[in-house]
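Numbering (full-length UniProt numbering), first residue to last: 1 to 329.
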(Lines of atoms letter the chains of each structure in order from A and count residues from 1; the text may use other names and numbers.)
(Lines give C-alpha, C1' and ligand atoms only; values in the text may rest on other atoms or scores of the structure.)
Protein backbone atom coordinates (compact mmCIF):
# COMPACT_ATOMS: atom_id res chain seq x y z
CA UNK A 1 0.00 0.00 0.00
CA UNK A 2 1.38 3.44 -0.93
CA UNK A 3 2.02 6.52 1.18
CA UNK A 4 -1.14 7.99 -0.37
CA UNK A 5 -3.10 5.71 1.94
CA UNK A 6 -1.33 7.27 4.93
CA UNK A 7 -2.26 10.73 3.68
CA UNK A 8 -5.91 9.66 3.76
CA UNK A 9 -5.62 8.05 7.20
CA UNK A 10 -6.48 11.15 9.21
CA UNK A 11 -8.75 9.04 11.45
CA UNK A 12 -5.54 7.56 12.88
CA UNK A 13 -6.01 10.03 15.73
CA UNK A 14 -9.27 8.28 16.69
CA UNK A 15 -7.26 5.37 18.09
CA UNK A 16 -6.93 7.34 21.32
CA UNK A 17 -9.08 5.57 23.87
CA UNK A 18 -9.62 2.57 21.58
CA UNK A 19 -6.17 0.99 21.53
CA UNK A 20 -4.41 1.48 24.85
CA UNK A 21 -1.93 -1.37 25.18
CA UNK A 22 -0.80 -4.68 23.78
CA UNK A 23 1.58 -7.59 24.35
CA UNK A 24 4.00 -8.49 21.60
CA UNK A 25 6.42 -11.40 21.83
CA UNK A 26 7.22 -10.95 25.53
CA UNK A 27 7.08 -7.14 25.59
CA UNK A 28 4.36 -4.78 26.77
CA UNK A 29 3.50 -1.52 25.03
CA UNK A 30 1.23 1.26 26.30
CA UNK A 31 0.09 3.58 23.51
CA UNK A 32 0.21 7.22 24.61
CA UNK A 33 -0.31 9.25 21.45
CA UNK A 34 -1.69 8.96 17.94
CA UNK A 35 -1.35 11.82 15.47
CA UNK A 36 -1.74 12.88 11.87
CA UNK A 37 -0.41 16.22 10.58
CA UNK A 38 -1.58 17.55 7.26
CA UNK A 39 1.11 18.93 4.91
CA UNK A 40 1.41 22.52 6.08
CA UNK A 41 4.23 24.38 7.77
CA UNK A 42 4.73 23.47 11.42
CA UNK A 43 7.52 23.08 13.94
CA UNK A 44 7.75 21.48 17.35
CA UNK A 45 10.69 22.87 19.24
CA UNK A 46 13.34 21.05 21.23
CA UNK A 47 11.78 18.62 23.67
CA UNK A 48 12.03 15.10 25.02
CA UNK A 49 9.69 12.24 25.96
CA UNK A 50 9.59 9.45 28.51
CA UNK A 51 8.40 7.10 25.74
CA UNK A 52 9.19 6.17 22.13
CA UNK A 53 7.78 8.54 19.51
CA UNK A 54 7.82 7.48 15.86
CA UNK A 55 6.91 9.54 12.80
CA UNK A 56 6.33 8.48 9.20
CA UNK A 57 6.56 11.24 6.59
CA UNK A 58 4.01 10.69 3.84
CA UNK A 59 4.55 13.93 1.89
CA UNK A 60 6.71 17.04 1.74
CA UNK A 61 10.10 17.66 3.30
CA UNK A 62 11.53 18.66 6.61
CA UNK A 63 14.23 18.23 9.22
CA UNK A 64 14.54 15.93 12.19
CA UNK A 65 17.14 17.13 14.65
CA UNK A 66 18.22 14.56 17.24
CA UNK A 67 20.84 15.78 19.65
CA UNK A 68 23.59 17.38 17.62
CA UNK A 69 22.72 15.58 14.37
CA UNK A 70 20.36 16.94 11.70
CA UNK A 71 18.53 14.60 9.34
CA UNK A 72 16.64 15.52 6.19
CA UNK A 73 13.30 13.73 5.93
CA UNK A 74 11.18 13.07 2.86
CA UNK A 75 8.20 10.88 1.94
CA UNK A 76 8.85 7.38 3.26
CA UNK A 77 11.21 8.52 6.04
CA UNK A 78 10.64 7.01 9.48
CA UNK A 79 12.24 8.85 12.38
CA UNK A 80 12.41 7.83 16.01
CA UNK A 81 12.93 9.63 19.31
CA UNK A 82 13.78 7.17 22.07
CA UNK A 83 13.00 8.02 25.71
CA UNK A 84 15.22 10.87 26.81
CA UNK A 85 16.30 11.88 23.28
CA UNK A 86 16.20 15.66 22.91
CA UNK A 87 14.85 16.40 19.45
CA UNK A 88 12.84 18.74 17.27
CA UNK A 89 11.02 18.50 13.93
CA UNK A 90 10.53 21.32 11.45
CA UNK A 91 8.56 21.24 8.22
CA UNK A 92 9.79 22.84 5.03
CA UNK A 93 8.05 26.10 4.08
CA UNK A 94 8.08 25.34 0.37
CA UNK A 95 7.17 21.63 0.60
CA UNK A 96 5.23 21.25 3.87
CA UNK A 97 5.74 18.03 5.76
CA UNK A 98 2.86 15.62 6.35
CA UNK A 99 3.34 12.92 8.98
CA UNK A 100 1.55 10.24 10.95
CA UNK A 101 2.99 9.56 14.39
CA UNK A 102 2.51 7.23 17.33
CA UNK A 103 4.00 7.12 20.81
CA UNK A 104 4.29 4.17 23.17
CA UNK A 105 6.20 2.79 26.11
CA UNK A 106 8.07 -0.46 25.56
CA UNK A 107 9.26 -2.83 28.24
CA UNK A 108 9.47 -6.56 29.03
CA UNK A 109 6.07 -7.89 30.00
CA UNK A 110 5.39 -8.33 33.70
CA UNK A 111 6.02 -11.69 35.32
CA UNK A 112 3.20 -14.09 34.57
CA UNK A 113 2.25 -12.49 31.24
CA UNK A 114 3.37 -14.64 28.36
CA UNK A 115 4.31 -13.61 24.88
CA UNK A 116 1.44 -14.08 22.48
CA UNK A 117 -1.35 -13.40 24.98
CA UNK A 118 -4.23 -11.14 24.04
CA UNK A 119 -3.78 -7.34 24.26
CA UNK A 120 -5.47 -5.21 26.89
CA UNK A 121 -8.71 -4.08 25.30
CA UNK A 122 -11.49 -1.67 26.22
CA UNK A 123 -13.92 -3.39 28.57
CA UNK A 124 -16.72 -3.19 26.00
CA UNK A 125 -14.86 -5.47 23.63
CA UNK A 126 -12.82 -7.83 25.79
CA UNK A 127 -12.23 -11.33 24.49
CA UNK A 128 -10.62 -14.38 26.11
CA UNK A 129 -6.83 -14.46 25.94
CA UNK A 130 -5.45 -16.37 22.98
CA UNK A 131 -3.36 -19.43 23.81
CA UNK A 132 0.42 -19.25 23.77
CA UNK A 133 2.21 -21.01 20.94
CA UNK A 134 6.01 -21.29 20.73
CA UNK A 135 7.52 -18.96 18.14
CA UNK A 136 10.89 -17.75 16.95
CA UNK A 137 11.49 -15.47 19.96
CA UNK A 138 8.74 -16.49 22.37
CA UNK A 139 10.87 -17.23 25.41
CA UNK A 140 12.03 -15.42 28.52
CA UNK A 141 12.62 -11.87 27.31
CA UNK A 142 16.23 -10.68 27.34
CA UNK A 143 16.09 -7.12 25.97
CA UNK A 144 19.88 -6.78 26.10
CA UNK A 145 20.25 -9.60 23.57
CA UNK A 146 19.90 -8.94 19.83
CA UNK A 147 16.50 -9.42 18.27
CA UNK A 148 13.78 -7.49 16.48
CA UNK A 149 13.27 -5.44 19.67
CA UNK A 150 16.82 -4.02 19.41
CA UNK A 151 15.49 -1.27 17.17
CA UNK A 152 13.81 0.15 20.27
CA UNK A 153 16.06 -1.03 23.10
CA UNK A 154 19.48 -0.11 21.64
CA UNK A 155 20.19 3.39 22.99
CA UNK A 156 22.74 3.98 20.21
CA UNK A 157 20.68 2.52 17.37
CA UNK A 158 19.57 4.34 14.20
CA UNK A 159 16.99 7.11 14.57
CA UNK A 160 16.01 7.37 10.91
CA UNK A 161 15.01 4.61 8.51
CA UNK A 162 13.55 4.08 5.07
CA UNK A 163 12.44 0.52 5.85
CA UNK A 164 8.76 1.21 6.29
CA UNK A 165 7.73 -2.27 5.22
CA UNK A 166 4.11 -2.90 6.18
CA UNK A 167 3.80 0.24 8.31
CA UNK A 168 1.82 2.32 5.75
CA UNK A 169 -0.69 -0.53 5.40
CA UNK A 170 -0.95 -0.88 9.17
CA UNK A 171 -1.60 2.84 9.63
CA UNK A 172 -4.33 2.71 7.00
CA UNK A 173 -5.90 -0.41 8.53
CA UNK A 174 -5.79 1.03 12.06
CA UNK A 175 -7.36 4.30 10.92
CA UNK A 176 -10.13 2.47 9.07
CA UNK A 177 -10.90 0.29 12.11
CA UNK A 178 -10.92 3.32 14.41
CA UNK A 179 -13.14 5.35 12.07
CA UNK A 180 -16.06 2.92 12.30
CA UNK A 181 -15.66 0.34 15.10
CA UNK A 182 -17.80 -2.78 14.79
CA UNK A 183 -17.99 -5.98 16.80
CA UNK A 184 -14.53 -7.42 17.28
CA UNK A 185 -12.77 -4.07 16.89
CA UNK A 186 -10.71 -4.59 20.05
CA UNK A 187 -9.26 -7.87 18.87
CA UNK A 188 -8.50 -6.42 15.42
CA UNK A 189 -6.91 -3.28 16.85
CA UNK A 190 -4.86 -5.27 19.34
CA UNK A 191 -3.42 -7.47 16.60
CA UNK A 192 -2.71 -4.50 14.33
CA UNK A 193 -1.19 -2.50 17.18
CA UNK A 194 1.12 -5.33 18.18
CA UNK A 195 2.24 -5.68 14.56
CA UNK A 196 2.83 -1.92 14.35
CA UNK A 197 5.14 -2.10 17.37
CA UNK A 198 6.96 -5.09 15.89
CA UNK A 199 7.36 -3.47 12.45
CA UNK A 200 8.48 -0.20 14.06
CA UNK A 201 11.23 -1.98 15.96
CA UNK A 202 12.31 -3.92 12.87
CA UNK A 203 12.61 -0.68 10.89
CA UNK A 204 15.29 0.62 13.29
CA UNK A 205 17.02 -2.66 14.12
CA UNK A 206 20.43 -3.51 12.71
CA UNK A 207 20.50 -6.22 10.05
CA UNK A 208 22.48 -8.52 12.33
CA UNK A 209 19.83 -8.15 15.04
CA UNK A 210 17.15 -9.40 12.66
CA UNK A 211 19.06 -12.42 11.41
CA UNK A 212 17.66 -15.85 12.33
CA UNK A 213 18.65 -19.38 11.51
CA UNK A 214 17.44 -20.40 8.04
CA UNK A 215 13.89 -21.70 8.26
CA UNK A 216 13.61 -25.02 6.45
CA UNK A 217 10.15 -26.22 5.59
CA UNK A 218 9.18 -29.61 4.25
CA UNK A 219 5.90 -28.96 2.47
CA UNK A 220 5.35 -32.65 1.81
CA UNK A 221 3.64 -33.52 5.13
CA UNK A 222 1.51 -30.37 4.97
CA UNK A 223 0.32 -31.15 1.45
CA UNK A 224 -0.47 -34.74 2.36
CA UNK A 225 -2.35 -33.55 5.44
CA UNK A 226 -4.41 -31.30 3.18
CA UNK A 227 -5.18 -34.24 0.90
CA UNK A 228 -6.21 -36.39 3.87
CA UNK A 229 -8.43 -33.59 5.11
CA UNK A 230 -10.08 -33.41 1.70
CA UNK A 231 -10.78 -37.13 1.88
CA UNK A 232 -12.30 -36.91 5.37
CA UNK A 233 -14.41 -33.90 4.43
CA UNK A 234 -15.89 -35.64 1.38
CA UNK A 235 -16.39 -39.26 2.43
CA UNK A 236 -20.03 -39.25 1.33
CA UNK A 237 -19.20 -37.89 -2.14
CA UNK A 238 -17.71 -39.58 -5.20
CA UNK A 239 -13.94 -38.95 -5.03
CA UNK A 240 -11.21 -39.68 -7.54
CA UNK A 241 -7.45 -39.20 -7.43
CA UNK A 242 -7.99 -36.28 -9.79
CA UNK A 243 -10.21 -34.54 -7.23
CA UNK A 244 -7.70 -34.97 -4.42
CA UNK A 245 -4.80 -33.85 -6.59
CA UNK A 246 -6.72 -30.76 -7.71
CA UNK A 247 -7.47 -29.86 -4.09
CA UNK A 248 -3.71 -29.87 -3.42
CA UNK A 249 -2.88 -28.12 -6.73
CA UNK A 250 -0.77 -31.06 -7.88
CA UNK A 251 -0.77 -33.37 -10.86
CA UNK A 252 -2.38 -36.76 -10.26
CA UNK A 253 0.96 -38.51 -10.60
CA UNK A 254 2.75 -36.19 -8.20
CA UNK A 255 -0.11 -36.31 -5.68
CA UNK A 256 -0.22 -40.11 -5.68
CA UNK A 257 3.55 -40.44 -5.37
CA UNK A 258 3.80 -37.91 -2.54
CA UNK A 259 0.83 -39.38 -0.67
CA UNK A 260 2.24 -42.91 -0.85
CA UNK A 261 5.70 -41.76 0.23
CA UNK A 262 4.32 -40.00 3.29
CA UNK A 263 1.66 -42.50 4.38
CA UNK A 264 2.69 -45.85 2.94
CA UNK A 265 -0.75 -46.25 1.32
CA UNK A 266 -2.38 -45.04 -1.87
CA UNK A 267 -5.00 -42.32 -1.96
CA UNK A 268 -7.84 -44.68 -2.88
CA UNK A 269 -6.94 -47.33 -0.32
CA UNK A 270 -6.86 -44.59 2.33
CA UNK A 271 -10.26 -43.39 1.14
CA UNK A 272 -11.69 -46.90 1.51
CA UNK A 273 -10.21 -47.25 4.99
CA UNK A 274 -11.59 -43.90 6.15
CA UNK A 275 -15.03 -44.70 4.77
CA UNK A 276 -15.20 -48.05 6.53
CA UNK A 277 -13.89 -46.62 9.81
CA UNK A 278 -16.65 -44.02 9.63
CA UNK A 279 -19.16 -46.73 8.83
CA UNK A 280 -18.12 -48.72 11.92
CA UNK A 281 -18.94 -45.66 14.04
CA UNK A 282 -22.18 -44.73 12.30
CA UNK A 283 -23.57 -48.27 12.58
CA UNK A 284 -23.71 -47.77 16.34
CA UNK A 285 -26.35 -45.06 15.84
CA UNK A 286 -29.70 -46.88 15.91
CA UNK A 287 -31.48 -44.00 14.19
CA UNK A 288 -29.58 -44.69 10.97
CA UNK A 289 -30.44 -47.55 8.64
CA UNK A 290 -27.66 -49.55 7.05
CA UNK A 291 -28.60 -47.88 3.76
CA UNK A 292 -28.19 -44.48 5.42
CA UNK A 293 -24.74 -45.48 6.65
CA UNK A 294 -23.73 -46.78 3.22
CA UNK A 295 -24.73 -43.49 1.57
CA UNK A 296 -23.00 -41.42 4.26
CA UNK A 297 -19.81 -43.33 3.51
CA UNK A 298 -19.90 -42.85 -0.24
CA UNK A 299 -21.51 -46.13 -1.31
CA UNK A 300 -24.46 -45.83 -3.67
CA UNK A 301 -25.72 -49.31 -2.84
CA UNK A 302 -25.77 -51.49 0.26
CA UNK A 303 -24.37 -54.60 -1.47
CA UNK A 304 -20.86 -53.29 -2.29
CA UNK A 305 -20.81 -51.57 1.09
CA UNK A 306 -21.59 -54.81 2.94
CA UNK A 307 -18.98 -56.69 0.92
CA UNK A 308 -16.27 -54.11 1.66
CA UNK A 309 -17.24 -53.94 5.34
CA UNK A 310 -17.15 -57.73 5.78
CA UNK A 311 -13.79 -57.91 4.00
CA UNK A 312 -12.29 -55.38 6.44
CA UNK A 313 -13.95 -56.36 9.71
CA UNK A 314 -14.82 -60.01 9.16
CA UNK A 315 -18.56 -59.59 9.76
CA UNK A 316 -21.53 -57.90 8.15
CA UNK A 317 -22.70 -54.40 9.05
CA UNK A 318 -25.77 -55.94 10.71
CA UNK A 319 -23.69 -58.26 12.90
CA UNK A 320 -21.41 -55.35 13.80
CA UNK A 321 -24.43 -53.32 14.91
CA UNK A 322 -25.89 -56.18 16.94
CA UNK A 323 -22.56 -56.77 18.67
CA UNK A 324 -22.33 -53.08 19.58
CA UNK A 325 -19.02 -52.76 17.74
CA UNK A 326 -17.11 -53.71 20.87
CA UNK A 327 -14.33 -55.40 18.97
CA UNK A 328 -13.52 -52.26 17.04
CA UNK A 329 -14.46 -49.22 19.12
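Heads up, the beta-carbon is just placed ideally off N, CA and C, and yes, glycines get one too.
Note that the structure is predicted; figures quoted are calculated from it, not measured.
Between residue i and the rest of its own chain, which residues show a CB-CB distance below 7 Å, the 5 nearest in sequence each way excluded?
i, result
"residue 13", "34, 35 and 36"
"residue 79", "55, 64, 71, 73, 159 and 160"
"residue 49", "81, 83 and 103"
"residue 325", "280, 283 and 284"
"residue 208", "146"
"residue 170", "192, 195, 196 and 199"
"residue 275", "235, 297 and 298"
"residue 260", "266"
"residue 51", "32, 83, 103, 104 and 105"
"residue 291", "302"
"residue 153", "143"
Compare the beta carbon distance of residue i and residue j with 8 Å and say whether it is the shorter of the two.
i, j, result
"residue 22", "residue 184", "no"
"residue 278", "residue 297", "yes"
"residue 164", "residue 108", "no"
"residue 330", "residue 212", "The shown model of the chain, from 1 to 329, leaves out residue 330, and the question about it has no answer."
"residue 302", "residue 294", "yes"
"residue 300", "residue 317", "no"
"residue 39", "residue 97", "yes"
"residue 210", "residue 216", "no"
"residue 267", "residue 256", "yes"
"residue 162", "residue 66", "no"
"residue 151", "residue 204", "yes"
"residue 157", "residue 206", "yes"
"residue 149", "residue 143", "yes"
Identify the continuous beta strand (DSSP E) that holds residue i and give its terminal residues.
i, result
"residue 30", "27-37"
"residue 80", "78-81"
"residue 105", "98-108"
"residue 301", "Segment: none, residue 301 is in no beta strand (DSSP E) and carries neither H nor E."
Does the distance between the C-beta of residue i and the nearest non-hydrogen atom of the ligand NAP fall short of 7 Å?
i, result
"residue 201", "Ligands in the displayed structure: none, and consequently the ligand NAP is not present."
Identify, in the order they occur along the chain, each residue of the same chain with its Cβ nearer than 6 Å to the Cβ of residue i, setting aside the five sequence neighbours on each side.
i, result
"residue 175", "9, 11 and 12"
"residue 89", "44 and 64"
"residue 2", "none"
"residue 173", "192"
"residue 286", "none"
"residue 6", "58, 100, 168 and 171"
"residue 166", "199"
Cutting at 8 Å between CB atoms, please list the residues of its own chain near residue i, excluding the five before and the five after it.
i, result
"residue 262", "220, 221 and 224"
"residue 320", "280, 283, 309, 313 and 328"
"residue 242", "252"
"residue 269", "none"
"residue 179", "11 and 14"
"residue 247", "226, 227 and 230"
"residue 254", "245"
Name the DSSP beta bridge partners of residue i, please?
i, result
"residue 90", "43 and 63"
"residue 22", "29"
"residue 53", "81 and 103"
"residue 70", "65"
"residue 161", "78"
Kindly indicate which residue of the options has the alpha-carbon position closest to the one of residue i.
i, options, result
"residue 16", "41, 177 and 169", "177"
"residue 332", "321, 143 and 29", "Look at the range of the chain in this structure, 1 to 329, and you will see that residue 332 is not part of it."
"residue 99", "61, 69 and 68", "61"
"residue 245", "235, 231, 236 and 237", "231"
"residue 92", "188, 210, 76 and 59", "59"
"residue 218", "143, 258 and 210", "258"
"residue 227", "210, 204 and 251", "251"
"residue 187", "304, 18 and 179", "18"
"residue 94", "86, 155, 41 and 143", "41"
"residue 47", "4, 75 and 85", "85"
"residue 289", "322, 166 and 247", "322"
"residue 53", "68, 87 and 75", "87"
"residue 273", "247, 243 and 311", "311"
"residue 4", "75, 68, 110 and 291", "75"
Could you tell me the boundaries of the alpha helix (DSSP H) in which residue i lies?
i, result
"residue 254", "252-263"
"residue 150", "150-153"
"residue 285", "Taken as a continuous stretch (DSSP letters only), residue 285 belongs to no alpha helix (DSSP H), as it is neither H nor E."
"residue 197", "185-204"
"residue 167", "167-179"
"residue 214", "Neither: residue 214 is in no alpha helix (DSSP H) and is coded neither H nor E."
"residue 5", "3-7"
"residue 248", "Counting along the chain, residue 248 falls outside any alpha helix (DSSP H), and DSSP gives it neither H nor E."
"residue 322", "317-322"
With a threshold of 8 Å between beta-carbons, can residue i be considered close to chain C, or not?
i, result
"residue 77", "Reference to chain C is not applicable here, since this structure consists of a single protein chain."
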